[in-house]
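Protein chains in written order, with my numbering: chain A, 1 to 222; chain B, 1001 to 1222.
There are 2 protein chains.
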Amino acid sequence: MENNPSVLKKCHLFADIAENDLDALLGCLSAARRGYEKNAFIFQAEDKVFSVGVVLSGSVHVIQDDYWGNRSIFANIGQAGLFGEAFSCAEIEKLPVSVIAAEPAEILFIGYRKIITTCSNTCAFHTKLIKNMMRILARQNILLIQKMEFLSRRTTREKLLSYLSEQALQSKSSSFSIPFNRQELADYLCVDRSALSREMGIMQNEGLLRFNKNYFELLSVE
Amino acid sequence: MENNPSVLKKCHLFADIAENDLDALLGCLSAARRGYEKNAFIFQAEDKVFSVGVVLSGSVHVIQDDYWGNRSIFANIGQAGLFGEAFSCAEIEKLPVSVIAAEPAEILFIGYRKIITTCSNTCAFHTKLIKNMMRILARQNILLIQKMEFLSRRTTREKLLSYLSEQALQSKSSSFSIPFNRQELADYLCVDRSALSREMGIMQNEGLLRFNKNYFELLSVE
DNA sequence: TCTTCGCCGTTGCAAATACAACGTGCATTG
DNA sequence: CAATGCACGTTGTATTTGCAACGGCGAAGA
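Laid out in structure tokens, this is it:
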């Protein structure tokens, strides 16, 4: 695992804050860190949340399990990513989702009130933190809308293609890896795993794409 | 149409701001109002947006049309509601969605920069505006997650039931009206209209619900 | 080496869905 | 009153999907 400062520097919550100011700031925020093993629950649905989490190492999934055990994966959050910010900022009573460690992970928890309450007139950082938080919330909003674009498609093929196209755009390459195994990808796209597997096989036969495990390559059709 | 102040008072962007301060503030924000007829585009996908819109009267839909003409309705926004805030705050280059008037509507546009830039040390309102904006973005986030709960269901019946349950909760009654006609509801739930109609008929026969136009009544099963 | 376990592809089948087409009722308009 | 347009329900059909079950394969552990 990398040490804290270099990870936190990449976290958008601390954008435009000098690295040597971070230590003082973190003290002021009274942050706490904790490790989780794979599949451990970091937040549980129905919990009350008063803090946001920063992923120091590993990655987490924001999920929702329904009564029948069907799991939906809302988001995958990697190193330096933030989670729980919307629920903290909206001061919601009950968390509608859970957060689990997708792999062994270390999380830094920061009390939400500490972030948005200007501790004193001298601490100029909080103004910065609040603006950063606002931008994070806005971008999170847009990510959710992006995901809705995938879910709004009618067929598994269209869902998969819109997701993969987006991944290709983000990695600026027609070949890329995704942070999901097959079952997780199905849960993310809200389709059945075997139906997804079947469709992927057909698409590969048609020459639309190639894949191996979580590595994908989009092919141009002539 | 109601006059401005009484509508703006209900707008969360101006929460905790005294009504008689609103006039001065609006001048400072250099807001502009404009009317739209039904189905008129207020924002077009691919546009650049520098302002947020407040619905003074009527209502709007945030939509996305794909290449084949399939429309998805992301959100319905009624009086005193806000739209475009996420795209403005994230300073996105191109709008991924469009906004259209669901019925004749009057919109108040406010430049985003005017909102988040503290104009001078004496203007205390901007601090308030920024905190309000943060809460709005967070709540918007949660609304999007809520909608994803509908879309993540596998069948039309489950999508519809989860949506109607939510509406019943919000109206605190088992009977309520929704802001969509049949085609719009299908576009909102991302399913085919005729398939939705068929399923609704079956559910009514089974005694799960009753409906007439956009009025619904959820029935308890014994 | 053998066993176990998780991941993934495959397949059969019943159920659900999209799509296209049509009819009806109702409001608006000429 | 006739004509038009729109919203909505209905239906037939091909396609897609979820579900359950099975087998192969490779990694990890005994």
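Ideal Cβ placement from N, Cα and C applies to all residues, glycine included. The structure presented is a predicted model; accordingly, all values stated were derived computationally and were not measured.
- Assigned with DSSP and collapsed to three states, Ala32 of chain A falls in strand.
- Our two residues, Val191 of chain A and Gln79 of chain A, have alpha carbons roughly 27 Å apart in a direct line.
- In this structure, Gln140 of chain A sits away from Val97 of chain A, with a CB-CB distance that is not shorter than 8 Å.
- The beta carbon of Asp1047 of chain B is closer than 6 Å to those of Leu1095 in its chain, skipping five residues each way along the sequence.
- Taking 8 Å as the CB threshold, Met133 of chain A lines the interface with chain B.
- Among the residues of the stretch 1080-1109 of chain B, those with a Cβ less than 9 Å away from any Cβ of chain A are Glu1085, Ala1086, Phe1087, Ser1088, Cys1089, Ala1090, Glu1091, Ile1092, Pro1096, Val1097, in the order of the chain.
- At least 8 Å separates the CB of Asn1076 of chain B from every CB of chain A.
- Under the DSSP assignment, Gly58 of chain A falls outside any alpha helix (DSSP H); it carries neither an H nor an E label.
- For Ile1116 of chain B, the uninterrupted alpha helix (DSSP H) segment begins and ends at 1112-1116.
- In the displayed model, Glu199 of chain A falls within a helix according to three-state DSSP.
- Among the residues of chain B, those whose CB is under 8 Å from the CB of Leu144 of chain A are Asn1141, Leu1144, Ile1145, Met1148, following chain order.
- Between Leu25 of chain A and Phe125 of chain A, the alpha-carbon positions lie close to 8 Å from each other.
- Scanning chain B for C-beta atoms nearer than 9 Å to the C-beta of Ser220 of chain A yields nothing, as the closest lies near 17 Å away.
- Leu1151 of chain B carries a helical assignment under DSSP once its states are collapsed to helix, strand and coil.
- Contact holds between the stretch 171-183 of chain A and the stretch 210-221 of chain A, because three or more Cβ pairs, one in each stretch, are under 8 Å apart.
- Counted as a single uninterrupted DSSP element, the alpha helix (DSSP H) harbouring Ser165 of chain A occupies residues 156-171.
- In the three-state scheme derived from DSSP, where H, G and I count as helix and E and B as strand, Leu208 of chain A is classed as coil.
- The beta carbon of Leu1151 of chain B sits closer than 8 Å to some beta carbon of chain A.
- The Cβ-Cβ distance between Ile1042 of chain B and Ala1101 of chain B falls below 8 Å.
- Looking at A:Ala18, A:Arg113, A:Thr117, A:Phe87, the one whose alpha-carbon comes closest to that of Leu1137 of chain B is A:Phe87.
- From the listed residues A:Ser194, A:Ala90, A:Ala31, A:Asp187, the smallest Cα separation to Glu106 of chain A is found for A:Ala31.
- Interface annotation, Gln1064 of chain B: in contact with chain A, CB-CB separation under 8 Å.
- Of the residues assessed, Asp187 of chain A falls on the buried side of the cut-off, its CB having 16 or more other CB atoms within 10 angstroms.
- Residues of the stretch 42-57 of chain A whose Cβ lies closer than 7 Å to any Cβ of chain B: none.
- Per the coordinates, the alpha-carbon of Leu1151 of chain B lies some 43 Å from the alpha-carbon of Asp23 of chain A.
- Annotation for Leu1185 of chain B: the continuous alpha helix (DSSP H) segment containing it runs 1182-1189.
- Secondary structure of Val1052 of chain B (DSSP, three-state): strand.
- For Leu1161 of chain B and Ala1168 of chain B, the gap between their C-alpha atoms comes out near 10 Å.
- In the structure shown, Ile100 of chain A falls within a strand segment according to DSSP collapsed to helix, strand and coil.
- Proximity of chain B to Ala138 of chain A at the Cβ level (cut-off 7 Å) is accounted for by Ala1086, Cys1089, Ala1090, Leu1137, in chain order.
- Beyond the five residues adjoining it in sequence on each side, Leu1056 of chain B comes within less than 6 Å, by CB distance, of Val1007, Glu1106, Leu1108 in the same chain, given in chain order.
- With the criterion set as a beta carbon lying under 7 Å from some beta carbon of chain A, the members of the stretch 1183-1206 of chain B are Cys1190, in sequence order.
- For Glu1085 of chain B, the uninterrupted alpha helix (DSSP H) run begins and ends at 1085-1089, by DSSP.
- Between Met148 of chain A and Phe1074 of chain B, the C-beta spacing is below 8 Å.
- Leu144 of chain A sits away from Phe216 of chain A, with the two beta carbons spaced by 8 Å or more.
- Under the three-state reduction of DSSP, Ser177 of chain A is assigned to strand.
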